[in-house]
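S.K.: Shown below is the structure under consideration.
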Amino acid sequence: MRRVIAIDGPAASGKSSTAAAVARAIGAHHLDSGALYRGLTRVALDLNSLDPSSIAAEAARRKLGLDHDGREIVPFLDGRPAESVIRTSEVTAAVSAVAAIGPLRDWVNDRLRAAASDDWVLVLDGRDIGTVVFPEAVLKVFLTATPEARARRRLAQRGEDSNERMLALETERLAARDALDAGRAVAPLRQAPEAVLVDTTSLGFQDQVARIVALARKALS
Ligand code: CDP
0 MRRVIAIDGP AASGKSSTAA AVARAIGAHH LDSGALYRGL TRVALDLNSL
50 DPSSIAAEAA RRKLGLDHDG REIVPFLDGR PAESVIRTSE VTAAVSAVAA
100 IGPLRDWVND RLRAAASDDW VLVLDGRDIG TVVFPEAVLK VFLTATPEAR
150 ARRRLAQRGE DSNERMLALE TERLAARDAL DAGRAVAPLR QAPEAVLVDT
200 TSLGFQDQVA RIVALARKAL S
């Protein structure tokens, strides 16, 4: 039986790296739903169109999807691992608009559901995994941190200076994306009532992973 651990939360709360580490620790597979929204956004930008049918057709032609790279499951586009082309600032600025388009959300959800074999344990991260995509998840975590802590981490991750001006700008960008993600009509970002809130503002990475691994082991036992 397929069992799912859902990790949702706002932008740059560390969901993806945490979900990958949790999956490694418990021998599960990790799927990053945001990577598919970013991939669709790359395709939309290249097409210069927000028409869902054209984007979906082009995504199929360019073979956008999640696949094994020999080590883990990662986004692929044009037959190659796609991380470097989906994490650009151009994609980040446009992704929330693409992710608000209902038919494209269905496209992503179909792929997430199809990517998993029936007997896998899956750790998925996103905005609506516990609320919409896998409401039957055995564990739901809502991972968050203050906007400033998230902005600091995002700048560090990109190897950029975190002077006051850069920090204020990044905090603003994250807040704008969160507002779009939480305010959209379809599958908005929100905490499921039964989700465990993990605030990582003053937790180190290893601590947050350990806390979720403990919750996951308990939920799977
Ligand atoms: O890693 P980061 O927090 O920057 O975001 P991400 O997980 O890569 O997701 C990028 C964008 O995709 C989000 O801002 C959402 O607009 C959208 N997304 C979504 O709508 N639903 C999901 N399950 C995952 C991502």
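All the letters of the sequence shown, read from the start, carry residue numbers 0 to 220 under numbering that gives the first Met the number 0.
Every residue gets a Cβ at the ideal spot worked out from N, C-alpha and C, and that includes glycine.
1) In terms of DSSP beta bridges, what is G125 paired with?
2) Answer yes or no: do V21 and V122 have a C-beta to C-beta separation smaller than 7 Å?
3) What is the residue span of the beta strand (DSSP E) that P139 lies within?
4) Could you check how far apart the C-beta atoms of A34 and R153 are, in whole angstroms? I think they sit under 8 Å.
5) In the DSSP assignment, find the beta strand (DSSP E) that holds L65 and state where it starts and stops.
6) Taking 6 Å as the cut-off, is the CB of D127 close to at least one heavy atom of the ligand CDP?
7) In the structure shown, what three-state DSSP assignment does D206 receive?
8) Under a three-way DSSP split, which group does V212 fall into?
9) Thinking P187 and T170 are a contact (beta carbons under 8 Å), I'd like their distance in whole angstroms, please.
10) Can you tell me the Cα-Cα spacing of L219 and G64, whole angstroms?
11) In terms of residue numbering, what span does the alpha helix (DSSP H) encompassing V21 cover?
12) So, with DSSP's three-state summary, where would you put V185?
M.R.: Here's the rundown:
1) Looking up residue 125 in the sequence shown gives position 126. Under the DSSP definition of a beta bridge, G125 partners with D7.
2) Along the sequence shown, one-based indexing puts residue 21 at 22. Along the sequence shown, one-based indexing puts residue 122 at 123. Going by C-beta atoms, V21 is nearer than 7 Å to V122.
3) Counted from its first residue, the sequence shown places residue 139 at position 140. Correcting the residue type first, residue 139 is Lys in the shown sequence and not Pro. Looking at the DSSP string, the run of the beta strand (DSSP E) that includes K139 is 138 to 143.
4) Within the sequence shown, the letter at position 35 stands for residue 34. Within the sequence shown, the letter at position 154 stands for residue 153. Contact doesn't hold; Cβ gap of about 16 Å is too wide.
5) The residue you call residue 65 lines up with position 66 of the sequence shown. Where L65 is concerned, the enclosing beta strand (DSSP E) stretches over 64 to 67.
6) Translated into the one-based positions of the sequence shown, residue 127 becomes position 128. Because some heavy atom of the ligand CDP lies under 6 Å away, the Cβ of D127 counts as near it: yes.
7) Within the sequence shown, residue 206 is the residue found at index 207, counting from 1. D206: helix per DSSP, three-state reduction.
8) Taking the sequence shown and counting its residues from 1, the one referred to as residue 212 is at position 213. Residue state, collapsed to three classes: helix.
9) As a first step, residue 187 is located in the sequence shown; it is residue number 188 there, counting from the start. As a first step, residue 170 is located in the sequence shown; it is residue number 171 there, counting from the start. Not really, about 21 Å apart at Cβ, beyond 8 Å.
10) Here residue 219 refers to the residue found at position 220 of the sequence shown. Here residue 64 refers to the residue found at position 65 of the sequence shown. If I take the Cα positions, the gap works out to 28 Å.
11) The residue labelled residue 21 in the question sits at position 22 within the sequence shown. Here the alpha helix (DSSP H) through V21 covers 14 to 25.
12) Residue mapping note: residue 185 aligns to position 186 of the sequence shown, counting from 1. Three-state result, V185: coil.
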